[in-house]
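*Asks:* Got a structure for you, questions after.
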Amino acid sequence: MRINVLQHTPNEGPGMIADWAQAHGHALYTYHPYQFGHLPTAAETDMLVILGGPMSPNDDLPWIKQERQLIAALLATDTPMFGACYGAQQIVKTLGYPITKAPVKEVGWAPVYRESTIIPGIPAQLMALHWHEEMFVIPVGATRLFSTPQVANQGFVLNHHVIGLQFHFEPKADNVREMVVNDYPYIAGSVLKQTAADILATPVPPENRQVIATLLDYITAGSES
Numbered sequence: 001m002r003i004n005v006l007q008h009t010p011n012e013g014p015g016m017i018a019d020w021a022q023a024h025g026h027a028l029y030t031y032h033p034y035q036f037g038h039l040p041t042a043a044e045t046d047m048l049v050i051l052g053g054p055m056s057p058n059d060d061l062p063w064i065k066q067e068r069q070l071i072a073a074l075l076a077t078d079t080p081m082f083g084a085c086y087g088a089q090q091i092v093k094t095l096g097y098p099i100t101k102a103p104v105k106e107v108g109w110a111p112v113y114r115e116s117t118i119i120p121g122i123p124a125q126l127m128a129l130h131w132h133e134e135m136f137v138i139p140v141g142a143t144r145l146f147s148t149p150q151v152a153n154q155g156f157v158l159n160h161h162v163i164g165l166q167f168h169f170e171p172k173a174d175n176v177r178e179m180v181v182n183d184y185p186y187i188a189g190s191v192l193k194q195t196a197a198d199i200l201a202t203p204v205p206p207e208n209r210q211v212i213a214t215l216l217d218y219i220t221a222g223s224e225s
């Protein structure tokens, strides 16, 4: 399987998603459209991963619109797709729904709560890394997967092949350090009231590796080759 990854900032890479791909023998191709302007075609994409970034789907940039054209083509063919933060918002925007400011800014470690048992093996509560201040609605036909008390729509699954999460399960410890040391000014104003030191001192929960694998296994079931 060829997994095409859309990365939108140097400090937010695929993390444990790359580990999962390697364990399954899949080929990972990482694109940086914000820098180079290149995107894969739908025909050469067996699975698409859309990572987070500092931009908004509402930004008027050609490559952001081109990403949505790719997403639309893959949605039409039920191609497996996983979006994190901005990536999830891009999927929802492609489906025709607005992306708006969240009632609060969430940056740091905080629990997320399971809202559906549609995907077996997901614990009722998990600790995730949050790095956002915009939010999506749950598309019609999708199932809400996760919530927090501050922002109800934290994750969804659509048609068994598409998952979008507002937060991050994918970072490993090195990834968290990279996010914090490069983007620490963004932490200011978060409702979670954590400092950069607080975030760095919190270990990545070991169960996050299994959860991200469970989510990716679910959307690719029957598609792997």
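The numbers in full-length UniProt numbering rise by one with no breaks, and the one at position 162 of the sequence shown is 162.
Ideal placement from N, C-alpha and C gives every residue a C-beta, glycine not left out.
Return helix, strand or coil for L70, following the three-state DSSP convention.
*Replies:* Three-state DSSP puts L70 in a helix.
*Asks:* So which of D19, P14, Y34 and M47 has the shortest CA-CA distance to R2?
*Replies:* R2 has its Cα closest to that of M47, out of D19, P14, Y34 and M47.
*Asks:* Residues in its own chain within less than 6 Å of residue 227 by CB, not counting five upstream and five downstream?
*Replies:* Missing from the structure shown is residue 227; the chain here goes from 1 to 225 and no further.
*Asks:* Buried or exposed: F136, going by 16 or more other Cβ atoms within 10 Å of its Cβ?
*Replies:* When all chains shown are included, F136 counts as buried.
*Asks:* Would the stretch 95-102 count as touching the stretch 169-176 if we require 3 or more Cβ pairs under 8 Å?
*Replies:* Flag = no, the stretch 95-102 and the stretch 169-176 do not touch.
*Asks:* Assuming residue 227 and I219 make a contact with CB atoms under 8 Å, what is their CB distance in whole Å?
*Replies:* Any property of residue 227 remains undetermined from this structure, which presents the chain solely from 1 to 225.
*Asks:* Specify, as a first and last residue, the run of the beta strand (DSSP E) that Q89 falls within.
*Replies:* No beta strand (DSSP E) contains Q89, which is instead part of the alpha helix (DSSP H) from Y86 to T94.
*Asks:* Pairing CB atoms from the stretch 31-47 with CB atoms from the stretch 119-126, are three or more of them under 8 Å?
*Replies:* Judged by Cβ distances under 8 Å, the stretch 31-47 makes no contact with the stretch 119-126, as fewer than three pairs qualify.
*Asks:* Between A142, N182, V181 and P185, which lies nearest to residue 278 when the distance is taken from Cα to Cα?
*Replies:* This structure cannot settle anything about residue 278, because the visible part of the chain is limited to 1 through 225.
*Asks:* Threshold first: 3 residues or longer. Then list the beta strand (DSSP E) segments lying entirely within the stretch 162-217, N to C.
*Replies:* Within the stretch 162-217, the complete beta strand (DSSP E) runs of at least 3 residues are 162-165.
*Asks:* Taking 8 Å as the threshold (C-beta atoms), are Q89 and P57 in contact?
*Replies:* Yes, they are a contact pair.
*Asks:* Using DSSP with H/G/I as helix, E/B as strand and the rest coil, what is P33?
*Replies:* Helix at P33.
*Asks:* Check whether the Cβ atoms of A102 and E67 lie closer than 8 Å to each other.
*Replies:* No, they are not a contact pair.
*Asks:* Quick check on DSSP: helix, strand or coil for I50?
*Replies:* Note: I50 maps to strand in three-state DSSP.
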